[in-house]
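Here's the structure we're looking at; comments come further down.
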Amino acid sequence: MTAELPDQASLQLNPDGSLRHLLTLKGLDRELLVRLLDDAEQFLSEPGVPLIRRNTLAGRTVANLFFEPSTRTRASFDLAGKRLGADVLNLDVNTSSRKKGESILDTIYTLEAMLVDVMVVRDASEGVPAFIARHVKDHVSILNAGESDVSHPTQGLLDILTIRQHKPNIQDLVVTIVGDIEHSRVARSAAYGLQTLNVGELRLVSPPAMAPASGDLDFARIVDNLEDGMRDADVVMALRIQRERIGNLDGIPGIDEYFANFGVSEERLKLAKPDAIVMHPGPMNRGIEIEGTVADGPQSVITQQVTNGVAVRMAVLEHVAGHHNV
Ligand code: CP
Numbered sequence: 008m009t010a011e012l013p014d015q016a017s018l019q020l021n022p023d024g025s026l027r028h029l030l031t032l033k034g035l036d037r038e039l040l041v042r043l044l045d046d047a048e049q050f051l052s053e054p055g056v057p058l059i060r061r062n063t064l065a066g067r068t069v070a071n072l073f074f075e076p077s078t079r080t081r082a083s084f085d086l087a088g089k090r091l092g093a094d095v096l097n098l099d100v101n102t103s104s105r106k107k108g109e110s111i112l113d114t115i116y117t118l119e120a121m122l123v124d125v126m127v128v129r130d131a132s133e134g135v136p137a138f139i140a141r142h143v144k145d146h147v148s149i150l151n152a153g154e155s156d157v158s159h160p161t162q163g164l165l166d167i168l169t170i171r172q173h174k175p176n177i178q179d180l181v182v183t184i185v186g187d188i189e190h191s192r193v194a195r196s197a198a199y200g201l202q203t204l205n206v207g208e209l210r211l212v213s214p215p216a217m218a219p220a221s222g223d224l225d226f227a228r229i230v231d232n233l234e235d236g237m238r239d240a241d242v243v244m245a246l247r248i249q250r251e252r253i254g255n256l257d258g259i260p261g262i263d264e265y266f267a268n269f270g271v272s273e274e275r276l277k278l279a280k281p282d283a284i285v286m287h288p289g290p291m292n293r294g295i296e297i298e299g300t301v302a303d304g305p306q307s308v309i310t311q312q313v314t315n316g317v318a319v320r321m322a323v324l325e326h327v328a329g330h331h332n333v
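Quick note: the sequence shown uses the numbering used here, first residue 8, plus one each step.
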């Protein structure tokens, strides 16, 4: 991957510093990041339990444009918009006119003509959300719902919210992310957000073929041995191997070899702190990057991450399109 485009952090803000688009957590102001987390908490009646409804997006239209598969992100943006009173359009990209050669911008202009206010975009190509953000009308906001291996900002927010609910002092934590770091937009967004919150130590653990190649994660400790990575960790996040984004499979371990060396197992989890939490952004491959009993075990907060995803997306939608900001 290449580093995120440098001007994205400023492109996503209005002149008054409020959120216009959400494209990246890299360079997002600490105060705004914390405000988004705090506002997401308002949509949880207690940690992990929704449901608060509001009508702050009444009269607004949110369009989900997912040009890559999704379960969690797409469903949670859909629910988040509806729980705020918006009209929500889930465009079926497999039957959309992009299949007939329509350009992405013509698709966007078509939706603008239908008075869509927020476009939630997932795309396999780097730069697409920012490209769209540069071309939409003033009242339209673009939310990045997963961009190549570069950025997945709402996932980063929900991951940090989940960590904060269990361990509020981020600056004291050892956070270990293990898996296919190089091809992971989830790892990057979590890393940038945690960096902004001055995380105690961030460890990125992977086989050499999946270690981050670019220099943009140099603030983290790069580790190629899971035992070293897990030792005394407060947070352990497992990632899947993102084969769809790996061009050359040379050096990529097979499933059994991967689990033997990098799987988060019950045995390895004993190396982390006794109260360590276990996370996974999903989709999850049991028996490859995580043992099923760990995923379902008492230290797992994986379903809480999913619940928090709706709350985070409600907060982000309110920031960019809620009537209190108009
Ligand atoms: N974590 C995540 O982005 O999941 P989906 O691909 O199901 O949206």
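All C-beta atoms, glycine included, are put in the ideal place defined by N, C-alpha and C. For clarity, every value in this text was computed on a predicted model and none was experimentally measured.
- Of the other Cβ atoms in all chains shown, 16 or more fall within 10 Å of the Cβ of residue 149; this residue is therefore buried.
- Of the other Cβ atoms in all chains shown, 16 or more fall within 10 Å of the Cβ of residue 71; this residue is therefore buried.
- Residues whose Cβ lies closer than 5 Å to any heavy atom of the ligand CP, listed in chain order: 77, 78, 79, 80, 288 and 289.
- Between residue 292 and residue 247 a beta carbon distance of about 5 Å is seen, short of the 8 Å cut, so the two are scored as contacting.
- A distance below 8 Å separates the beta carbons of residue 26 and residue 39.
- The Cβ atoms of residue 185 and residue 271 sit closer than 8 Å to each other.
- The continuous alpha helix (DSSP H) containing residue 316 extends over residues 309 to 328.
- Within the stretch 238 to 317, the complete alpha helix (DSSP H) segments of 4 residues or longer fall at 262 to 269, 273 to 276 and 299 to 302, listed in chain order.
- By the neighbour-count criterion, in which a residue is buried when 16 or more other Cβ atoms sit within 10 angstroms of its Cβ, residue 314 is buried.
- Positions of the beta strand (DSSP E) runs, each at least 3 residues long and wholly inside the stretch 58 to 116, are given as 68 to 73 and 94 to 97 in order along the chain.
- Approximately 6 Å separates the beta-carbon atoms of residue 316 and residue 79; this is inside 8 Å, confirming the contact.
- Taken atom to atom, the span from the alpha-carbon of residue 238 to that of residue 207 is near 14 Å.
- Contact annotation: residue 169 and residue 306 have beta-carbon atoms that are not nearer than 8 Å.
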